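Start counting the sequence shown at 1249; every next residue gets the next number (the numbering used here). Just so it is clear, CB atoms sit at the ideal spot from N, CA and C, and this is done for glycine as well. None of these values were measured; they are calculated from a predicted model. I have placed the structure first, in the form of structure tokens, so that the comments after it can refer back to it.
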Amino acid sequence: MTLDRGWAEAVVAQLQPVFDADGSGWSFQGITDPPTALLWEAVPASFLARHPDSDIEAANGMPASQIPCLDIWFYLEPGLVSLSWEGYPQQPAPVVPTGDGDLDGRTLATLLAENLRVDQPG
């Protein structure tokens, strides 16, 4: 199964409200062609204020004020979507996509909301 641009756009539409609800200043960095990953970056100091137990300072070896950005990546493979982020000791289990961007986006948004400890919008 190919995860195309339309699929990626549908997934982003489901994920962005969760990032917004977190309040850590997340910004989406765009979709590559072909889509191989989705990247959001947060303001580290804002993230640390919201998630003081995140270990981002230890993971980066510096205070949050000196960390240039904090990344959350969704790596897109034909049969697997993996979530990877700095400062969290346990990475969530990969998700097997169905090919339906809306459905997969909701699944990934639920996973993200659980890990960011926010209520899933909508």
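- Taken atom to atom, the span from the alpha-carbon of Thr1346 to that of Asp1352 is near 6 angstroms.
- A straight line joining the alpha-carbon of Ser1275 with that of Gly1349 spans about 20 angstroms.
- Taking the Cα positions, Leu1331 is about 17 angstroms away from Ala1307.
- For Ile1304, the secondary structure class from DSSP, reduced to helix, strand or coil, is helix.
- For Gln1368 against Val1260, the beta-carbon gap comes to about 15 angstroms, at or over 8 angstroms, which does not count as contact.
- Per the C-alpha coordinates, the member of Asp1252, Val1329, Ser1272 and Glu1362 positioned closest to Asp1281 is Asp1252.
- Taking the Cα positions, Glu1305 is about 10 angstroms away from Ala1293.
- By a beta-carbon distance limit of 8 angstroms, Ser1313 does not contact Val1291. Their separation comes to about 10 angstroms.
- Per the DSSP secondary-structure output, Leu1324 pairs in a beta bridge with Val1329.
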